[in-house]
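Adding 135 to a residue's 1-based position in the sequence shown gives its number in my numbering.
Yeah, the Cβ is synthetic: ideal placement off N, Cα and C, and Gly gets one too.
In this text, all values refer to a predicted model and were calculated from it rather than measured experimentally.
To start, the structure itself, in structure tokens.
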Amino acid sequence: MTFRTRFAPSPTGPLHLGHAYSACLAHDMAREAGGRFHLRIDDLDRARSRPEWEARIKDDLAWLGLSWERDVWRQSDRLTRYRQALRQLWDAGLLYPCTLTRAEIRAVANAPQEGAEGPDGLIYPGTHRPEMPPKGEMPTTALRLDTARAEAAAGPLSYVETGTNPGTNPDIIQIQNLFQSAGDVALARKDMGASYHLSVVCDDADQQITHVIRGEDLAPATGIHVLLQNLLGLPTPTYHHHRLIRDDTGKRLAKRDDARAIATYRAEGLTPRDIKTML
Ligand code: GLU
136 MTFRTRFAPS
146 PTGPLHLGHA
156 YSACLAHDMA
166 REAGGRFHLR
176 IDDLDRARSR
186 PEWEARIKDD
196 LAWLGLSWER
206 DVWRQSDRLT
216 RYRQALRQLW
226 DAGLLYPCTL
236 TRAEIRAVAN
246 APQEGAEGPD
256 GLIYPGTHRP
266 EMPPKGEMPT
276 TALRLDTARA
286 EAAAGPLSYV
296 ETGTNPGTNP
306 DIIQIQNLFQ
316 SAGDVALARK
326 DMGASYHLSV
336 VCDDADQQIT
346 HVIRGEDLAP
356 ATGIHVLLQN
366 LLGLPTPTYH
376 HHRLIRDDTG
386 KRLAKRDDAR
396 AIATYRAEGL
406 TPRDIKTML
């Protein structure tokens, strides 16, 4: 099977060092395996996505020496596909509408202390979940997964976590107690149609991605992704969650951290080689 991976930036800010690391790693792993490297634009967040950011991200990636498959997918073109996946879960009785605001969820969620956040932000324990799965037409409101019911429907779940070196033995990660660690995650939002968790799973499967290479901050979300793949009858790719690039104080780089934007380094006269040495 051809090795296929992707880099999936959200066009909501500049490409910074952390993204560059992820993109270069995925690109180089694909080249080494004689495989394909895709660029995918995660622009579901219509309020914050900007075509200018997409253009600048592409320009920085090309400047870094990366090349990608000509066919660049955009999530905003795939809303019908996400709706179809949602309907599949709705028909299986695994979704329910939820119109709680963030503040209302905060009030019912676990105490907002360290560790109380799941891959979806605050862990929503399903306080307003209907007793029986709703039937009939799927509403266009926000929809949440009945995670405990979904886990029971899916059976045992696991995925393969590999290193960067194909010679080393991969780890098999068993997934358990997703409801405790993630709660009832949002799969459709009123403003976006679909959530990141749902869209990424559909995109990776439809694009025949064999290896997902991304930051270790997304490792906790992988359980939800594997659960959704299982429920939707989609294949589970191999994952490699890489270390995160941090600033001098050990803090993760944020999107707004313009000092680490590749554009800033370019303006200061650094070369792609300088950036790669830094990484
Ligand atoms: N757009 C997502 C991000 O930038 C992609 C995550 C992924 O690679 O699955 O965090």
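Apart from sequence neighbours up to five positions away, the residues of its chain that approach P407 with a beta-carbon distance below 8 Å are W198, L199, G200, ordered along the chain. Looking at the DSSP output, T406 bridges to nothing. Not one heavy atom of the ligand GLU falls within 7 Å of the beta-carbon of R209. Membership of G350 in the beta strand (DSSP E) is indicated by the continuous run 346–350. L174 is bridged by DSSP to F142. The ligand GLU never approaches S330 closely enough for any of its heavy atoms to be under 7 Å from the residue's Cβ. Under a 10 Å Cβ-count criterion, I348 is classified as buried, with 16 or more other Cβ atoms of the shown protein chains found around its own Cβ. Cβ contact annotation for T276 (same chain, cutoff 7 Å, sequence separation greater than five): P232, T234, K325, in chain order. If you ignore the 5 residues before and after G261, its C-beta comes within less than 6 Å of the C-beta of D319, all in its own chain and listed in chain order.
Here V243 is exposed. Its C-beta has fewer than 16 other C-beta atoms within 10 Å. Ordered by chain, the residues meeting the criterion of a beta-carbon within less than 5 Å of a non-hydrogen atom of the ligand GLU are A143, S145, D177, V335, R349. Beta-bridge annotation (DSSP): T299 is not paired with any residue.
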